[in-house]
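Those sequence lines, one after another, are chains F and P. The numbering of the first sequence is this note's numbering, which starts it at 153 and goes up by one. The numbering of the second sequence is this note's numbering, which starts it at 153 and goes up by one. The structure appears right after this line, and notes come after that.
There are 2 protein chains.
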Amino acid sequence: MNDPALTASSNRRIRQNNEVAALRALHQFGRLTRAELARKLRLNRSSSGHIIASLTADGLVREAIEDLPEQAGYARAGRPGIMLELVPDAIFFLGVEIGVEHISTVEIDLGTNIVSTNVEPFDGPSINVEAAVDRAVRLALQSIPVSKLERCEGVGVSTPAQMDKNGFVHFAPLLGWRNVHLAKLVRDALPIRVPVLAENDANAFAIGATYGRSEVHSGVTLFLVMESGVGGGIIVDGSLFRGANGLAGEIGHLIISDAPGPRRNLEQLIGLENIMADYRKTSALSDPTFGNFLSDVQNRLPSAVSTAEDWARALAIGLVQTCRIIDADKIVLGGSVAALYPLMAARVAAHIHAIQESSFPFPSITMNDEGTVGSAFGAACMLHQRYLSLQSQRFADGTAELEGAEEDED
Amino acid sequence: MNDPALTASSNRRIRQNNEVAALRALHQFGRLTRAELARKLRLNRSSSGHIIASLTADGLVREAIEDLPEQAGYARAGRPGIMLELVPDAIFFLGVEIGVEHISTVEIDLGTNIVSTNVEPFDGPSINVEAAVDRAVRLALQSIPVSKLERCEGVGVSTPAQMDKNGFVHFAPLLGWRNVHLAKLVRDALPIRVPVLAENDANAFAIGATYGRSEVHSGVTLFLVMESGVGGGIIVDGSLFRGANGLAGEIGHLIISDAPGPRRNLEQLIGLENIMADYRKTSALSDPTFGNFLSDVQNRLPSAVSTAEDWARALAIGLVQTCRIIDADKIVLGGSVAALYPLMAARVAAHIHAIQESSFPFPSITMNDEGTVGSAFGAACMLHQRYLSLQSQRFADGTAELEGAEEDED
DNA sequence: TATGTTTGTCGCTTTATGCAACATATTAAT
DNA sequence: ATTAATATGTTGCATAAAGCGACAAACATA
């Protein structure tokens with residue numbers, strides 16, 4: 153390809169474009185009639201009919217059986233249309249998360265419903281890449297019957313690593329990997345030849361949390377995942393903003409150098425480790441958990457509250473700094489530490505207002521309520537998204553390569 | 153429009169798409185033959201010919217007269233193709249910058265060459281919006297003969313203000329504006345009915361500096377404009393990243409709270425005012441200029457070097473913090489203060505490496521060498537960019553609205 | 001001079017959409 | 001109950017644009 157978005161669309165390309173548009177519309181709205189679809193896509197009703205016929209022949213769309221009562225509230229005049237819907241189990245996608253302490257896998261269908269999940273403990277640092285990939289693939293496939301395998305249309309991998317968009321890992325400090333082509337390894341380990349994408353776990357998490365059937369939020373959403381480490385991802389107008397090296401949104405490395413002494417970054421201040429280290433100093437319990445800490449905060453134990461207060465302050469600074477740069481209008485907190493936020497929301501807001509010039513708009517802060525399998529789900533969504541795009545394997549001309557890199561110049 | 157990128161491509165749309173692709177290719181590469189164009193656009197030669205015929209009929213493209221020697225270095229076998237080029241003066245665009253101390257305007261042609269410029273002193277804060285717009289429009293049009301006016305295809309406005317993408321200004325602290333529809337005011341003040349876009353001056357500057365005939369840099373570029381104030385813009389894969397409120401990249405408001413005492417932001421530390429305030433304390437001159445400061449630094453005068461050292465350190469911190477979040481791979485420094493950078497590049501780099509974990513990639517830092525009219529040029533480029541897109545007025549169906557907002561839901 | 005190579009054009013085919021018309025299914029009105 | 005009104009889905013035909021193959025033209029090389 154010479155230049156992105158410079159390539160012309162051929163005659164066949166039109167239909168492909170319209171087919172994916174139809175699939176996306178059906179995914180987003182759940183059920184539509186041919187006429188509704190035509191209006192949404194600004195097509196003629198007859199064209200809409202043709203496209204649906206083609207998708208139905210491929211087994212991706214069907215006419216819905218009118219069993220459910222429908223939102224039959226208002227019955228307008230005229231012949232009622234026939235509801236169309238995606239065929240959920242027409243195809244499926246797999247998502248795999250290779251974490252530090254566990255491997256988890258998800259199977260989602262064409263409607264992005266979670267069909268099944270698997271989790272397995274894992275000791276990342278002690279296992280090399282090939283073995284990790286092998287275990288991950290095995291876990292993902294264990295509940296898939298062989299006959300179903302051919303309906304798999306993609307596998308996504310997420311892992312705590314810095315990688316480029318081709319799935320080549322430059323560095324994974326927590327796992328000890330360096331310069332491994334993760335996507336290629338997974339591709340080779342699979343018994344089927346399907347598209348494989350890999351992404352940083354925080355980025356995948358962000359995708360999973362925003363990629364739903366709800367309408368795309370056009371704006372900038374900052375996603376924060378707070379565990380031992382603090383990761384982040386940025387979603388712009390519904391799609392991931394990777395940055396030049398896939399590191400965009402990794403705000404855990406922000407320097408919050410307010411305190412005297414050695415420079416500390418945000419991760420060290422708001423991560424689980426710091427909280428628990430502080431808490432252990434004062435807790436009466438011998439081996440206190442984060443849950444203990446939360447209830448102590450709720451019960452207003454001064455020492456716990458003080459720790460939480462420091463946390464709130466550091467979080468506020470981190471968020472303000474970040475929003476100065478990316479101008480987000482929505483912040484979503486995730487990860488186990490996020491549970492502390494509801495207790496401290498007022499304090500965080502107070503700090504933000506203290507730091508911030510009042511004339512600046514500040515984003516709303518919400519919690520990631522959907523208890524999905526997180527990162528693995530997001531990785532699977534990436535392939536769902538790809539399938540509902542022009543890069544879909546359905547349109548492979550034979551000329552298109554599946555494997556390698558894509559950038560070439562003449 | 154229901155959803156971005158959900159609208160279907162009709163038959164006519166395909167041609168429009170190919171026409172703009174051809175125009176963009178000609179703009180980027182300057183001269184191409186029909187066959188070369190066909191290869192770049194992955195079209196058939198005959199299709200390429202048809203598209204060129206259509207564009208030629210519209211007066212936008214012509215066959216170049218082979219006067220200039222051509223890069224005739226290598227003559228390959230076969231019939232030589234006929235070089236095609238954009239007709240520069242087929243149409244033109246205007247860019248207007250309403251600054252704090254001056255108004256400047258630019259006229260650019262279809263090849264994004266600057267045709268003419270006008271600058272006029274101006275006292276922003278003392279004049280209300282309507283009067284400012286009136287003066288700006290008058291200045292922009294003063295050198296355009298009436299007969300030429302109909303070939304104008306768009307006007308861009310840039311001003312130091314926070315505005316949404318429709319050109320509605322929420323707040324312009326330096327000019328004292330609040331909640332004015334700048335784009336609409338300009339539209340109404342013009343004697344012609346053309347598309348009008350407005351953008352923050354730093355953002356416009358960033359667009360102007362990256363929007364050239366050079367190939368699009370796919371990656372993340374951070375643009376810094378250092379004058380009295382410090383503004384910034386972020387370009388992602390060749391197009392502006394505005395953020396939710398048009399404030400993305402405004403890193404002047406980053407908090408660099410390292411020093412004890414009141415919290416200071418980046419603008420206060422690396423802006424012209426701070427440098428000169430420091431310099432005045434020690435300079436022997438009665439009314440020292442920034443130029444004096446630069447030569448003192450070059451001559452290694454300790455006090456000046458010390459001020460510059462502080463500047464370098466603050467800049468390094470600001471850049472590292474920003475790149476942690478947006479993961480830029482290229483930083484471009486602009487504005488008058490940027491002249492200090494070449495003298496301090498080594499110190500900045502040293503600070504960056506001291507702060508930064510070594511495993512992180514860090515972007516290259518360059519200067520904005522092209523001494524363009526900056527912000528006004530960028531504003532004009534926005535309309536050039538728009539013209540070379542599917543939103544171009546050339547494709548107006550009559551149904552498409554030119555004026556108001558665009559977002560509506562059914 | 002002959003041959004090979006690349007370009008631009010022309011006619012024909014293919015494909016997908018748009019348009020108009022029509023039968024169909026439902027609601028509202030008489 | 002019957003009729004009018006309205007919206008849907010389908011069908012046949014027109015249109016638009018790209019692809020394909022072929023051919024003359026223009027140039028380099030042997």
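For every residue, glycine included, the Cβ atom is placed at its ideal position computed from N, Cα and C.
By the Cβ neighbour-count rule, P:Asp389 is exposed, with fewer than 16 other Cβ atoms within 10 Å of its own. F:Val285 and F:Ile250 have their C-alpha atoms some 8 Å from each other. With fewer than three CB-CB distances shorter than 8 Å, the segment 480-496 of chain F does not count as touching the segment 492-501 of chain P. Within chain F, the residues Val372, Ile477, Ile478, Asp479 have their CB atoms less than 8 Å from the CB of P:Ala400, given in chain order. Boundaries cannot be given for F:Leu492, as no beta strand (DSSP E) includes it and DSSP labels it neither H nor E. Judged by DSSP in its simplified three-state form, F:Asn270 adopts strand. Neighbours of F:Thr362 across chain P, judged by C-beta separation under 9 Å, do not exist; the nearest C-beta is about 14 Å away.
Sequence-distant Cβ neighbours of P:Ile387 in its own chain, meaning closer than 6 Å and more than five residues away, are Ala358, Thr362, Thr373. Scanning F:Lys336, F:Val368, F:Ala324 for the CA closest to the CA of F:Phe181 turns up F:Val368.
Remark: C-beta atoms of P:Leu406 and P:Leu485 do not approach each other more closely than 9 Å. One thing to note: F:Phe442 has its Cβ no nearer than 9 Å to the Cβ of F:Ala456. Of the residues assessed, P:Ser256 falls on the buried side of the cut-off, its CB having 16 or more other CB atoms within 10 angstroms. DSSP places F:Leu236 in the strand class (E or B) of the three-state scheme. Secondary structure in the segment 417-457 of chain P: the alpha helix (DSSP H) runs of 4 residues or longer, each lying completely within the stretch, are 418-422, 424-434, 442-450 in chain order.
Straight through space, the alpha carbons of F:Ala350 and F:His536 are spaced by roughly 13 Å. At least one beta carbon of chain P lies nearer than 9 Å to the beta carbon of F:Gly395. Using a 10 angstroms sphere on the CB of F:Pro297, the tally of other CB atoms stays under 16, which defines it as exposed.
Residues of the same chain with a CB within less than 7 Å of the CB of F:Phe547, apart from the 5 flanking positions on each side, are Gln168 in chain order. Judged by DSSP in its simplified three-state form, P:Ile279 adopts coil rather than helix or strand. The bridge partners DSSP lists for F:Asn352 are F:Thr311. The C-beta of F:Ile266 comes no closer than 9 Å to any C-beta of chain P.
When secondary structure is reduced to three states using DSSP, P:Val472 falls in the helix class. In terms of Cβ geometry, F:Arg183 and F:Ala216 form a close pair [threshold 9 Å].
For P:Ile217, the closest Cβ of chain F is not nearer than 9 Å.
Contact annotation: P:Ile469 and P:Ile408 have beta-carbon atoms nearer than 9 Å. The beta-carbon of F:Leu184 is placed no less than 9 Å from the nearest beta-carbon of chain P. Under the Cβ criterion of 9 Å, P:Glu379 is not counted among the residues facing chain F. Residue pairing for F:Gly486: DSSP places it in a beta bridge opposite F:Val377.
Assignment of F:Asn163 by DSSP, reduced to helix, strand and coil, places it in the helix class. Across the structure, F:Met378 and F:Val449 are spaced so that their CA atoms are roughly 18 Å apart.
Looking only at F:Leu542, F:Phe529, F:Arg538, the smallest Cα-Cα distance to F:Leu246 is reached by F:Phe529. With distances taken between CA atoms, P:Tyr539 lies nearest to P:Ile243 out of P:Pro232, P:Ile243, P:Ile234. Cβ neighbours of F:Leu301 within its own chain (closer than 8 Å, five residues either side excluded): Leu293, Pro343, Ile344.
The beta carbon of P:Ile517 lies closer than 7 Å to those of Ile483, Leu485 in the same chain, with the five residues before and after it left out.
In this structure, the CA atom of F:Glu461 is about 10 Å from the CA atom of F:Leu467. One thing to note: F:Arg290 has its Cβ no nearer than 9 Å to the Cβ of F:Phe274.
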